[in-house]
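In this note's numbering, the protein residues as written are 3 to 204.
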Amino acid sequence: MPPKKVATTKSLTSGAHSSMSDESLIQAMNDGEYQAFDALYLRYRKWVVGVAYRLTRDQESAEDVLQETFLYFFNKFPGFELICRLKSFLYPVVRSFSLNIQRRQAKTEAGLDPDALTEVCEPKDSPDFAMEDLDYALADLPQKQREILLLRFVDDFSLEEISQSLDLPLSTVKTRLYSTLKALRRNKRLHQLFPGKSREYT
Numbered sequence: 003m004p005p006k007k008v009a010t011t012k013s014l015t016s017g018a019h020s021s022m023s024d025e026s027l028i029q030a031m032n033d034g035e036y037q038a039f040d041a042l043y044l045r046y047r048k049w050v051v052g053v054a055y056r057l058t059r060d061q062e063s064a065e066d067v068l069q070e071t072f073l074y075f076f077n078k079f080p081g082f083e084l085i086c087r088l089k090s091f092l093y094p095v096v097r098s099f100s101l102n103i104q105r106r107q108a109k110t111e112a113g114l115d116p117d118a119l120t121e122v123c124e125p126k127d128s129p130d131f132a133m134e135d136l137d138y139a140l141a142d143l144p145q146k147q148r149e150i151l152l153l154r155f156v157d158d159f160s161l162e163e164i165s166q167s168l169d170l171p172l173s174t175v176k177t178r179l180y181s182t183l184k185a186l187r188r189n190k191r192l193h194q195l196f197p198g199k200s201r202e203y204t
């Protein structure tokens, strides 16, 4: 029986598991080493909360999504087989639980809280960059375009991973990303953040 909360701060010890790969931790879980799950939780909890907050715009809801996501993941064991990056597996789960919360709360506004975008998207190597421009530009984007942009540049998903995570044809992902970047690059101050085509189409 999985616990109501899949992990606590007391159980999250560094130990030998912290240096193991995701694949090795999953194999350990399949072999009954449940401490390996704590290592996975510790490794991905901040990312899950960050994605959930982007989608729900509410910290408490994001924490709820964190617990629901890892309970769902926990219940996949034993017998779970990782056939992609773990983030690619987790993202649709986080997205689904986040959208369920939005529907339950009957929220009518779509998109991200502009105040959260600076924390999520601020480029560490560009201290003079006017983040207000990016905040407003992202807030004005359609949700479908914004989601792909953030997956590509914030979460570092490949186009194939975005395609799998959103259940979209690869051509659709490329088209949406291209049109989004083209629009953002019209702003000269944003162009330094998205200057060229070095990695967005790989």
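Ideal placement from N, C-alpha and C gives every residue a C-beta, glycine not left out.
Quiz item: How would you call GLU62, buried or exposed, if buried means at least 16 neighbouring beta carbons within 10 angstroms?
Solution: Residue mapping note: residue 62 aligns to position 60 of the sequence shown, counting from 1. When all chains shown are included, GLU62 counts as exposed.
Exercise. Check the C-beta distance from ALA64 over to TYR55 and give it rounded, since I have them as a contact under 8 Å.
Key: Numbered from 1 along the sequence shown, position 62 holds the residue referred to as residue 64. Numbered from 1 along the sequence shown, position 53 holds the residue referred to as residue 55. About 4 Å; that satisfies the 8 Å criterion.
Practice problem: Report, in whole angstroms, the separation of the C-beta atoms of ASP24 and LEU84, which I expect to be a contact under 8 Å. | Solution: Position 22 of the sequence shown, counted from the start, is the residue given in the question as residue 24. Position 82 of the sequence shown, counted from the start, is the residue given in the question as residue 84. Right, the Cβ-Cβ distance comes to about 7 Å (below 8 Å), so this counts as a contact.
Quiz prompt | With 16 other Cβ atoms within 10 Å as the buried cut-off, status of LYS89 | solution = Within the sequence shown, the letter at position 87 stands for residue 89. It counts as buried.
Quiz prompt | Beta-carbon separation (whole angstroms), LEU179 vs LEU151, contact threshold 8 Å | solution = Here residue 179 refers to the residue found at position 177 of the sequence shown. Here residue 151 refers to the residue found at position 149 of the sequence shown. Contact holds; Cβ gap of about 7 Å.
Quiz item: Based on Cα-Cα distance, which residue from ASP66, PHE76, ASP60 and LEU57 lies nearest to TYR36?
Solution: Taking the sequence shown and counting its residues from 1, the one referred to as residue 36 is at position 34. Taking only the C-alpha atoms, the option nearest TYR36 is PHE76.
Practice problem: For GLY261, count neighbouring C-beta atoms within 10 Å of its own C-beta (all shown protein chains included) and say buried if the count is 16 or more, exposed if not. | Solution: In the structure as shown, the chain starts at 3 and stops at 204, and residue 261 therefore has no counterpart that could be examined.
Quiz item: Roughly how many whole angstroms lie between the Cα atoms of ARG188 and LEU140?
Solution: Counting from one through the sequence shown, the residue named residue 188 turns up at place 186. Counting from one through the sequence shown, the residue named residue 140 turns up at place 138. One C-alpha to the other measures close to 13 Å.
Quiz prompt | VAL96 beta carbon less than 7 Å from that of THR58 | solution = As a first step, residue 58 is located in the sequence shown; it is residue number 56 there, counting from the start. As a first step, residue 96 is located in the sequence shown; it is residue number 94 there, counting from the start. Not closer than 7 Å, so no.
Quiz item: Roughly how many whole angstroms lie between the Cα atoms of PRO80 and HIS19?
Solution: Taking the sequence shown and counting its residues from 1, the one referred to as residue 80 is at position 78. Taking the sequence shown and counting its residues from 1, the one referred to as residue 19 is at position 17. Approximately 18 Å, taken between the alpha carbons.
Practice problem: Please go through the same chain and pick out, in chain order, the residues whose beta-carbon is closer than 7 Å to the beta-carbon of GLN166, but skip the five residues on each side of it. | Solution: As a position in the sequence shown, residue 166 is number 164, starting the count at 1. Cβ within range, chain order: CYS86 and SER90.
Practice problem: Could you have a look at ARG187 and say whether DSSP puts it in helix, strand or coil? | Solution: In the sequence shown, the residue the question calls residue 187 occupies position 185. Note: ARG187 maps to coil in three-state DSSP.
Exercise. Would you kindly check if the distance between the Cβ of LEU161 and the Cβ of VAL175 is under 7 Å?
Key: Taking the first residue of the sequence shown as 1, we reach residue 175 at position 173. Taking the first residue of the sequence shown as 1, we reach residue 161 at position 159. In contact: VAL175 and LEU161 (Cβ atoms closer than 7 Å).
Quiz item: In or out: SER21 buried (at least 16 other Cβ within 10 Å) or exposed?
Solution: Mapped onto the sequence shown, residue 21 falls at position 19. When all chains shown are included, SER21 counts as exposed.
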